[in-house]
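Asker: I have a structure I would like to understand better, so I am pasting it below and will then ask my questions one at a time.
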Amino acid sequence: MKKITFLAFLFVTLIGFSQELITNGDFQTGVAGDWYSGGDNNPIEVVDQGGNFVFQANVTSTTDVWRVNLSQVVALQDNTSYELVFDAFTDATTGTRTMLASLGQAGAGFNGTDPLTIDLTDTPQTFTRTITTNFDTANTDTTGPFPGSRVIFDMGGDTGFVFIDNVSLTETTVDPTLTDVTLSDLQLDNSLITGFDPNTTTYNIALPDAMSIPQITSVSTTNPNATVGTLNQATAVPGTATFDVTSEDTTVTQTYTINFTIQGELTELVGNGSFETGDYTDWQQFESTAGNQTITSTNPSEGAFAANINNVTTGTNSLIKSANRGIGIVNAGNEVTIKFDLRGTTGPGGVVFVELFSELAGGGTSAAEILGGGPIALNGDPNVWTSYEFTTNVGPNVDGGITLQFGAATAAFAGSFTDLFIDNVSMVNNDQTLSINNVSSNLNVKIYPNPTVNNWIIESSNNQNITSVEVYDILGKEVLSLKPNTTDVTLDASSMKSGIYIAKLSTVNGSKTVKLIKQ
Numbered sequence: 024m025k026k027i028t029f030l031a032f033l034f035v036t037l038i039g040f041s042q043e044l045i046t047n048g049d050f051q052t053g054v055a056g057d058w059y060s061g062g063d064n065n066p067i068e069v070v071d072q073g074g075n076f077v078f079q080a081n082v083t084s085t086t087d088v089w090r091v092n093l094s095q096v097v098a099l100q101d102n103t104s105y106e107l108v109f110d111a112f113t114d115a116t117t118g119t120r121t122m123l124a125s126l127g128q129a130g131a132g133f134n135g136t137d138p139l140t141i142d143l144t145d146t147p148q149t150f151t152r153t154i155t156t157n158f159d160t161a162n163t164d165t166t167g168p169f170p171g172s173r174v175i176f177d178m179g180g181d182t183g184f185v186f187i188d189n190v191s192l193t194e195t196t197v198d199p200t201l202t203d204v205t206l207s208d209l210q211l212d213n214s215l216i217t218g219f220d221p222n223t224t225t226y227n228i229a230l231p232d233a234m235s236i237p238q239i240t241s242v243s244t245t246n247p248n249a250t251v252g253t254l255n256q257a258t259a260v261p262g263t264a265t266f267d268v269t270s271e272d273t274t275v276t277q278t279y280t281i282n283f284t285i286q287g288e289l290t291e292l293v294g295n296g297s298f299e300t301g302d303y304t305d306w307q308q309f310e311s312t313a314g315n316q317t318i319t320s321t322n323p324s325e326g327a328f329a330a331n332i333n334n335v336t337t338g339t340n341s342l343i344k345s346a347n348r349g350i351g352i353v354n355a356g357n358e359v360t361i362k363f364d365l366r367g368t369t370g371p372g373g374v375v376f377v378e379l380f381s382e383l384a385g386g387g388t389s390a391a392e393i394l395g396g397g398p399i400a401l402n403g404d405p406n407v408w409t410s411y412e413f414t415t416n417v418g419p420n421v422d423g424g425i426t427l428q429f430g431a432a433t434a435a436f437a438g439s440f441t442d443l444f445i446d447n448v449s450m451v452n453n454d455q456t457l458s459i460n461n462v463s464s465n466l467n468v469k470i471y472p473n474p475t476v477n478n479w480i481i482e483s484s485n486n487q488n489i490t491s492v493e494v495y496d497i498l499g500k501e502v503l504s505l506k507p508n509t510t511d512v513t514l515d516a517s518s519m520k521s522g523i524y525i526a527k528l529s530t531v532n533g534s535k536t537v538k539l540i541k542q
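In this note's numbering, each number is its position in the sequence shown, counted from 1, plus 23.
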C-alpha cells in the first residue's frame, strides 16, 4: 500500500504542491503519534501487517458510532474545501461493514460536516472525498479534549475489524480559469464597446437618436474554453441586448446586458460661452485695472469673437465668472464636464487659473476646485489655441448653482503679466435627467455627397444659419464638433472609419438630426 502513497505524491508533484495537514498518516512510525481516540478504543492500536503498519480497531459489539474512533487535530479554515484521501478495509471474516469519515471540531460542541458513509470490504480500497467546512474551525472553547478542528473516523456503529492507512488531507485548489466568465473583448458594430472592462457585466450606451440599432458583432472570453450563449440583439432603441457566458466547468453562468438609450440634449450651463454677442453678456467681470478685459475679433478659436484679459497690474488677479449657473439642473454630487479653448502668454510670475465653485443659496460655497490641480499651461505660441476638457463632481450643496471662473494672475514684482484669450466655454451636467427633445428647427438641408469618401457638404435651403454641428458615431461617441454659424458647412470625413454617423445640426430655433454615411 505504500506504492499508493508514492503515486499520490507523484500526482501532487505534477499538478503543484499542496500542504499536507496530516502527520504520521501512513503509521510507519509503528505508534499512534498525533492520532488519538476519545472512545472505547483508547489507546489506539497500530499493527504490523508484513512490514506495513496500519491502524486497527476490532469492534466487538454495536454501540454509539463515536465510541470507537480515530482523530487527529488539524488546522482548518472556515468555508474551505479539503480533499481527504485514505485506504481502508476489513478482514475476511467480517467481509463487509461501514464506517464514517468527517471533519469537525476537536472539542466543545463537536460540530462538524455531515459524516460520509464508507463501505468497506476485505479488499483494500483508496477513498477520496472532498469536504467543505461549515463550522467554526477556530473552536477556541477548551472545555473539550482539544481546541481547533480535527479529521475523524467513527467506527462504533458496526462490528468487525477496521484497518486504516495512508491518510492524507490537503486543501483543494481550484484552477480559477475553470470558473472564469470574464470577457477579453466585446464589440458593437465591429468597434470595442465604450467603457469596456473584463469584469463589467452591464453597459449603458447613450445614442443620439433611434435611427440605428447597434449590434453585438464579437464576444471573446478571457478563458477561450468558456461558452458564449445566444446573442439576443436589441430590436429597437431604447432597447436591450443580452448574452450569457458559461464557465469551462459549467458551474458559473454570467449574464451580460447592454442597455441602449436615447441621449437627449444636455443643457448648456454657460451663457454666451463663445462671446458671439461681442461683449461680456452673461459674464461677471472683476477687472484688476479698468479696461483690461475686452472682446477681440483677432484670431478667435471659432466664430467671430473671443474674450481677452490682459493683466499687467502686478500682484493682482483679473477675473471673469459664469456665475450661479444650473440652478434646478445641477444637483449635489453631479458629474459635470467643462470645456474651453485658451491661448496667450504669461510673463515672469504670471499664471492662469480656472476654478469651479459649488455655490450655497445664501452665499458661500460647499466646494471649490482648481481645474487641473494648478495653473493651466498654455501653448508656447501665443497665437495657437489649446482645447481643454475636465470632468469632475460638484459639491454637496449647489442650491446656488455652480460658478466657472477664469483668472489671469500676476506676481507682486515688476514685469509680471498675463495676457489670456478665452473662447468656446461649455459646461454640462452629465447626470442631468433628460427627456427627448423633438423641437424642430424647421431647418431644410441638402447633404452631398452622401455616402461620401472625403467630405460632406451641408447646405441650408431656407437661409437659416447652422450655429453648431455635432457628429456622433453609432456608439454615441462625439467624433466632430463645429460652430460654423453659416448657411453651408463642409465636414471633413477623411479620417473617419467607414460606417453610419449621426449629425446634430443646431440653429437658433432648434435642432435637427441627419444620417451620414462614410464609405
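We treat Cβ as the ideally placed atom computed from N, Cα and C, and that holds for glycine.
(1) Please state if the CB of E378 and the CB of A391 are separated by a distance shorter than 9 Å.
(2) Check whether the region 478-494 touches the region 511-530, taking contact to mean three or more Cβ pairs, one atom from each stretch, closer than 8 Å.
(3) L539: buried (16+ other C-beta within 10 angstroms of its C-beta) or exposed?
(4) Could you tell me the alpha carbon to alpha carbon distance between Y59 and T202, rounded to whole angstroms?
(5) What residues in its chain sit with their C-beta under 6 Å from that of T369, if we drop five residues either side in the sequence?
(6) Measuring alpha carbon to alpha carbon, tell me which residue in S270, I332, F363 and Q256 is nearest V374.
(7) Express the C-alpha separation of S270 and F76 in angstroms, rounding to a whole number.
(8) Which same chain residues, not among the five before or five after G367, have their C-beta less than 6 Å away from its C-beta?
(9) Taking Cβ to Cβ, would you say K344 is nearer than 9 Å to T426?
(10) Express the C-alpha separation of K535 and L254 in angstroms, rounding to a whole number.
(11) Put G86 into one of helix, strand or coil per three-state DSSP.
(12) What residue ranges within the region 354-382 form continuous beta strand (DSSP E) runs of no fewer than 3 residues, ordered along the chain?
(13) Quick check on L44: does DSSP put it in helix, strand or coil?
(14) Out of G118, A124, T116 and Q100, which one is the CA nearest neighbour of D110?
(15) S464: buried (16+ other C-beta within 10 angstroms of its C-beta) or exposed?
(16) Compare the C-alpha of P323 against each of N447, D159 and T250 and name the closest.
(17) Between the C-alpha atoms of T482 and A431, what's the straight-line distance to the nearest angstrom?
(18) Taking C-alpha atoms, which residue in N213, I228 and L209 lies nearest to F219?
(19) Under 8 Å, with one C-beta from each stretch per pair, do the region 144-162 and the region 43-51 reach the 3-pair mark?
(20) For A259, which residues from the same chain have a beta carbon less than 8 Å from its beta carbon, with the 5 sequence-adjacent residues on both sides left out?
(21) Can we say the region 238-258 touches the region 174-181, given the rule of at least three CB pairs closer than 8 Å?
(22) Inspect the beta-carbon positions of T365 and T409 and report whether they are closer than 9 Å.
(23) To test your reading of the DSSP string, which unbroken beta strand (DSSP E) runs of 3 or more residues are found completely within the region 503-541?
(24) Pull the bridge partners of G262 from the DSSP assignment, please.
(25) In the region 394-438, which residue ranges form an unbroken beta strand (DSSP E) of at least 3 residues, counting only runs that do not cross its ends?
(26) Grab the span of the beta strand (DSSP E) containing K469 for me, first residue to last.
(27) DSSP state of T278, grouped into three classes?
(28) Here's a check: name, in chain order, each residue in its chain whose Cβ is nearer than 6 Å to the Cβ of K469, leaving out the five neighbours to either side.
(29) Grab the span of the beta strand (DSSP E) containing L139 for me, first residue to last.
(30) Could you give the residue range of the beta strand (DSSP E) that holds Q487?
(31) So what does DSSP say about L99, is it helix, strand or coil?
Answerer: The relevant details are as follows:
(1) Reading the sequence shown from its first residue, position 368 is the one you call residue 391. Reading the sequence shown from its first residue, position 355 is the one you call residue 378. In this structure, E378 lies closer than 9 Å to A391 by Cβ.
(2) yes
(3) Here the question's residue 539 lines up with position 516 in the sequence shown. By the neighbour-count rule (16 or more Cβ atoms within 10 Å), L539 is buried.
(4) Your numbering for residue 59 matches position 36 in the sequence shown. Your numbering for residue 202 matches position 179 in the sequence shown. Annotation: Y59 to T202 spans about 39 Å, alpha carbon to alpha carbon.
(5) Sequence index remark: in the sequence shown, residue 369 carries index 346 (1-based). Sequence-distant Cβ neighbours of T369 in its own chain, meaning closer than 6 Å and more than five residues away, are T441.
(6) Residue mapping note: residue 374 aligns to position 351 of the sequence shown, counting from 1. Residue I332 is the option with its Cα nearest to V374.
(7) If you number the sequence shown from 1, residue 76 lands on position 53. If you number the sequence shown from 1, residue 270 lands on position 247. Between F76 and S270, the C-alpha separation is close to 44 Å.
(8) Counting from 1 along the sequence shown, the entry for residue 367 is found at position 344. So the qualifying residues of the chain are L401, P405, D442, L443 and F444.
(9) For the purposes of this step, residue 344 is taken as residue 321 along the sequence shown, with counting starting at 1. For the purposes of this step, residue 426 is taken as residue 403 along the sequence shown, with counting starting at 1. Yes, the Cβ-Cβ distance between K344 and T426 is below 9 Å.
(10) Position 231 of the sequence shown, counted from the start, is the residue given in the question as residue 254. Position 512 of the sequence shown, counted from the start, is the residue given in the question as residue 535. Rounded to the nearest angstrom, the two C-alpha atoms are 33 Å apart.
(11) Locating residue 86 in the sequence shown gives position 63, where the first residue counts as 1. Checking the sequence, you will find Thr at residue 86 rather than Gly. Residue state, collapsed to three classes: coil.
(12) If you keep only unbroken beta strand (DSSP E) runs of at least 3 residues inside the region 354-382, you get 358-369 and 374-382.
(13) Looking up residue 44 in the sequence shown gives position 21. Looking at L44 - three-state DSSP - the assignment turns out to be coil, as it is neither helix nor strand.
(14) Locating residue 110 in the sequence shown gives position 87, counting from the first residue. Closest option to D110, Cα to Cα, is A124.
(15) Sequence index remark: in the sequence shown, residue 464 carries index 441 (1-based). Since pLDDT at S464 reaches only 48, below the 50 mark, its modelled position is unreliable, and the value read off the structure follows with that caveat. By the neighbour-count rule (16 or more Cβ atoms within 10 Å), S464 is buried.
(16) For the purposes of this step, residue 323 is identified with residue 300 of the sequence shown, where counting begins at 1. Ranking N447, D159 and T250 by Cα distance to P323 puts N447 first.
(17) Here residue 482 corresponds to residue number 459 of the sequence shown, with the count starting at 1. Here residue 431 corresponds to residue number 408 of the sequence shown, with the count starting at 1. The question names Thr, yet the displayed sequence has Glu at residue 482. Cα to Cα, the separation comes out at about 40 Å.
(18) Along the sequence shown, one-based indexing puts residue 219 at 196. Closest by alpha carbon: L209.
(19) The region 144-162 makes no contact with the region 43-51: fewer than 3 CB pairs, one atom from each, lie closer than 8 Å.
(20) Within the sequence shown, residue 259 is the residue found at index 236, counting from 1. So the qualifying residues of the chain are A233 and I236.
(21) no
(22) As a first step, residue 365 is located in the sequence shown; it is residue number 342 there, counting from the start. As a first step, residue 409 is located in the sequence shown; it is residue number 386 there, counting from the start. According to the sequence provided, residue 365 is Leu. The question's Thr does not apply to it. The answer is yes: Cβ separation under 9 Å.
(23) 511-515, 522-530 and 533-541
(24) By 1-based counting over the sequence shown, the position of residue 262 is 239. Bridge partners of G262: F283.
(25) 409-416 and 425-432
(26) By one-based count along the sequence shown, residue 469 stands at place 446. Note, K469: beta strand (DSSP E), V468 to Y471.
(27) Here residue 278 refers to the residue found at position 255 when the sequence shown is read from its first residue. Strand at T278.
(28) Here residue 469 is taken as the residue at index 446 of the sequence shown, counted from 1. Excluding residues within five positions, the ones whose Cβ falls inside 6 Å are E482 and S484.
(29) By one-based count along the sequence shown, residue 139 stands at place 116. Counted as a single uninterrupted DSSP element, the beta strand (DSSP E) harbouring L139 occupies residues L139 to T144.
(30) As a working note, residue 487 is residue 464 in the sequence shown. Here Q487 belongs to no beta strand (DSSP E), and DSSP marks it neither H nor E.
(31) As a position in the sequence shown, residue 99 is number 76, starting the count at 1. The three-state reading of DSSP puts L99 in coil, since its state is none of H, G, I, E or B.
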